[in-house]
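One structure below.
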Amino acid sequence: MARAVWGIVMLLGAVAMVVCAVAGFLSGWWVWVVAAALLVAGLFGLYEARKGWCMMRAMGFRTPM
Numbered sequence: 017m018a019r020a021v022w023g024i025v026m027l028l029g030a031v032a033m034v035v036c037a038v039a040g041f042l043s044g045w046w047v048w049v050v051a052a053a054l055l056v057a058g059l060f061g062l063y064e065a066r067k068g069w070c071m072m073r074a075m076g077f078r079t080p081m
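Taking my numbering, the leading residue of the sequence shown gets 17, the next gets one more, and so forth.
This is the structure in structure tokens:
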């Protein structure tokens, strides 16, 4: 559940960045890089939630969840 929420928040952040860039509130190449990074992170979080898999646990880290 936490990974799904994390994924949705990241996707909403990406959408907000793109809307602000298109509206003219933000400008520069860095806006698109950050928006793309948020999009990838959000999609990966939703993938983890869907599969019930955690990258950190797969690498051997002990997570509290």
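Ideal Cβ placement from N, Cα and C applies to all residues, glycine included.
This one's a predicted model, so the numbers in the text were calculated from it and none came from an experiment.
Inclusion of methionine 71 and threonine 79 in the CB contact set at 7 Å is not warranted, their separation being larger than that value.
The continuous stretches of alpha helix (DSSP H) do not include arginine 78, and DSSP gives it neither H nor E. In the structure shown, tryptophan 22 adopts helical secondary structure according to DSSP, grouped into three states. If you draw a straight line from the Cα of alanine 18 to the Cα of leucine 28, it comes to about 15 Å. In the structure shown, the three-state DSSP call for tryptophan 46 is helix.
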